[in-house]
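Sequential numbering of the sequence shown, starting at 37, is according to my numbering.
Note sheet for the following structure.
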Amino acid sequence: MTLTPVQALAPAAVTGLPADFRWGVATSSYQIEGAAAEDGRTPSIWDTFCRVPGAVHQREHGDVACDHYHRMPEDVELISSLGVDTYRFSLAWPRIQPHGRGPANQKGLDFYKRLADELRAKGITPWITLYHWDLPQELEDAGGWPVRDTAYRFAEYAELAYEALGDRVEHWTTLNEPWCSAMLGYAYGLHAPGRRHFGDGIRAVHHLLLGHGLAAQRIRAAAEAKGNPLELGITLNLGTATPETGSEADLAAVRRADGLGTRIYLDPLVRGVYPADVLADLDQVGARVPVEAGDLDIIATPIDVLGVNFYRGAVFSGVDERGATTDADGVPVTRTVERDLPRTAMDWEITPTELTDLLVRLQRDYALPTVITENGAAFDDTVAADGSVPDADRTAYLRDHIAAVAAARAQGADVRGYFAWSLMDNFEWAYGYDKRFGIVRVDYDTQERTLKDSAKWYRDTIALTRGETNAG
Ligand code: IFM
């Protein structure tokens, strides 16, 4: 094997990862597929949001994106060339159930059947995410996630999708990053559908979790009835919250940040309760979690794996720049403190050791098997004269985070896999095509795909890990 220059770094990064450790790459439907109006697909909330002036960088959209819908077989070849064993992708709800209710659209299902078959033919395990943010617009028009009925619509869609694909696909994730759907979409207006109402955001949190639980029950029942093997889970975007000082105010800020970022999801999912301190904080600002009898039992339907998307940790203070501990409305301050650390093109701090801290904490507090379903970084790549993409910064990011996973395992965390975000450059939501997360470069004029140096390093690292562990 010819090794890339950064290869020398690989063995240290992968020490301790077992032969059956799962290696993958990840994408999502709206970010790569394009073909927005083909074969019966209807608009999602992202198609609509992209047309709102000022919502998305340069008013870009996913109409074409990476044209994956038309280039799927070549893209599967590309995935195969990386030597990964798993490909995580999402289903576009508006392709499968164009009106958000009612019968399935056969052409939409057929696309994903072909994709699963292409992957399996190459020995790659398909890993499906049911919802990666592309809610059918008709359901948003009916109230969206703040409305309880959307949870039932999601369960119906999940059942349709499982019915069609469950014989081919064993790994199912219900939701990707419900925090983003609820808070960025409904509370802060930065993602589709662009609403800015904190109470709606909290209602959306609960209905997303309820939808997850209902879908999990239906998928599990269908798998059992058919005798299909199943690994079922949910993916959360999680970080670490560190206090700036040991002061009471900073510790309280950390408690609040962790409460709304992590515990409001994992406590009901794992223990069937919302954390009392979070409910009290919400009450203080007039927001209510709309729990009905039986909801928490549904939400706590057992899962097999927790998907963890990690990009960064953060430091919090309970004191604002003027020294106040409450804002003008009397709400306690929860302020992110910027650190003097290297950053990605998203301006996100690079904090690999905090991934170890997170995984060890998840093991301690929730004791679920985990898979890193996303980790990666945007950088301003340049293309060299020879056409290569020497993205040493991204390679170092991947290397250090994979090392952090290995360190967490050494401390007892049951982490079973790692998926790089992302397979290829794609539509980065409100940032449009301006931010490139791919380990494969996409030239959006020609749709040409080029392996960046990070992709070659990842490929070689996976190969070495397997060789290393097989030898050991
Ligand atoms: O691109 C996104 C992805 O869709 C969800 N997780 C975070 C990534 C980077 O922002």
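Glycine residues also receive a C-beta, built at the ideal position from the N, C-alpha and C atoms.
Nearest neighbour of residue i, chosen from the options [CA to CA]
i	options	result
T418	T409, Y123, E410 and A428	A428
R299	L398, V476, I334 and P405	L398
G282	I238, G354 and A157	G354
L318	L302, P368 and L391	P368
D56	G453, R485 and E328	G453
D489	S424, I438 and A440	S424
Y167	R400, Y494 and Y66	Y66
M460	Q94, A73 and L114	L114
G249	R485, G330 and D376	G330
V325	R256, L246, F346 and V341	L246
R291	A277, L302, P304 and V306	A277
F234	L244, H243, H227 and A218	A218
T63	H135, R124, H207 and K262	R124
D111	V205, L287, T392 and V61	V61
A403	L302, S117 and G297	L302
G159	E484, E195, Q173 and V120	V120
A288	F455, D236 and D313	D313
A200	K149, R137 and E390	K149
Opening and closing residue of the beta strand (DSSP E) in which residue i lies
i	result
P279	A277 to P279
V205	Per DSSP, V205 belongs to no beta strand (DSSP E) and is neither H nor E.
I408	T406 to N411
D479	V476 to D479
R371	R371 to V373
Simplified DSSP assignment, three categories, for residue i
i	result
D177	helix
I160	coil
K492	helix
P139	coil
A456	strand
T38	Caution is warranted here: a pLDDT of 44 is assigned to T38, below 50, making its placement in the model unreliable, and the coordinate value is therefore given only provisionally. Coil at T38, not helix or strand.
P172	strand
A44	Confidence is the limiting factor: at A44 the pLDDT is only 49, short of 50, which leaves the residue's position unreliable and the question unanswerable from this model.
T505	Residue confidence is low: T505 scores 44 on pLDDT, short of 50, so the model does not pin down where it sits. Its coordinate-derived value is still stated next. DSSP places T505 in helix when its eight states are reduced to three.
S424	coil
G343	strand
E385	strand
T362	strand
T24	The structure shown has nothing for residue 24, since the chain only spans 37 to 508.
G306	Looking at the sequence provided, one finds Val at residue 306 rather than Gly. Three-state result, V306: helix.
P368	strand
R541	Because the chain spans 37 through 508 in this model, residue 541 falls outside it and cannot be assessed.
L513	Since the first residue of the chain shown is 37 and the last is 508, residue 513 is not available in this structure.
P54	coil
T482	coil
L127	coil
Q320	helix
R189	helix
L226	coil
D461	coil
E74	coil
R397	helix
R445	helix
G144	helix
Y198	helix
Cβ distance (whole Å) where residue i is taken to contact residue j below 8 Å
i	j	result
G343	G269	5 Å
R371	F352	7 Å
G52	A72	At roughly 44 Å, the Cβ-Cβ gap does not stay under 8 Å, so G52 and A72 are not in contact.
Y494	Y480	Actually they do not touch by this definition, with Cβ atoms about 22 Å apart.
P214	V241	7 Å
G144	G76	6 Å
A228	W82	5 Å
A194	R107	About 27 Å; that fails the 8 Å criterion.
Q447	V407	Going by Cβ atoms, the distance from Q447 to V407 rounds to 17 Å, so no, they are not a contact pair.
DSSP bridge partner residues for residue i (one or two, in chain order)
i	result
S217	The partner list for S217 (beta bridge, DSSP) is empty, contrary to what the question assumes.
D122	In the sequence under discussion, the amino acid at residue 122 is Thr, which differs from the Asp named in the question. G60 and T161.
L487	V476
Y167	L211
S80	P172
V327	The partner list for V327 (beta bridge, DSSP) is empty, contrary to what the question assumes.
V451	T406
Opening and closing residue of the alpha helix (DSSP H) in which residue i lies
i	result
I270	Per DSSP, I270 belongs to no alpha helix (DSSP H); it is in the beta strand (DSSP E), E267 to N273.
S353	Careful: S353 lies outside any alpha helix (DSSP H), inside the beta strand (DSSP E) at A350 to S353.
H97	Segment: none, H97 is in no alpha helix (DSSP H) and carries neither H nor E.
E110	H104 to S117
K262	F234 to K262
A285	E284 to D294
Q35	Missing from the structure shown is residue 35; the chain here goes from 37 to 508 and no further.
The ligand HEM heavy atom lying under 6 Å from the CB of residue i
i	result
S126	What this structure holds is the ligand IFM, not the ligand HEM.
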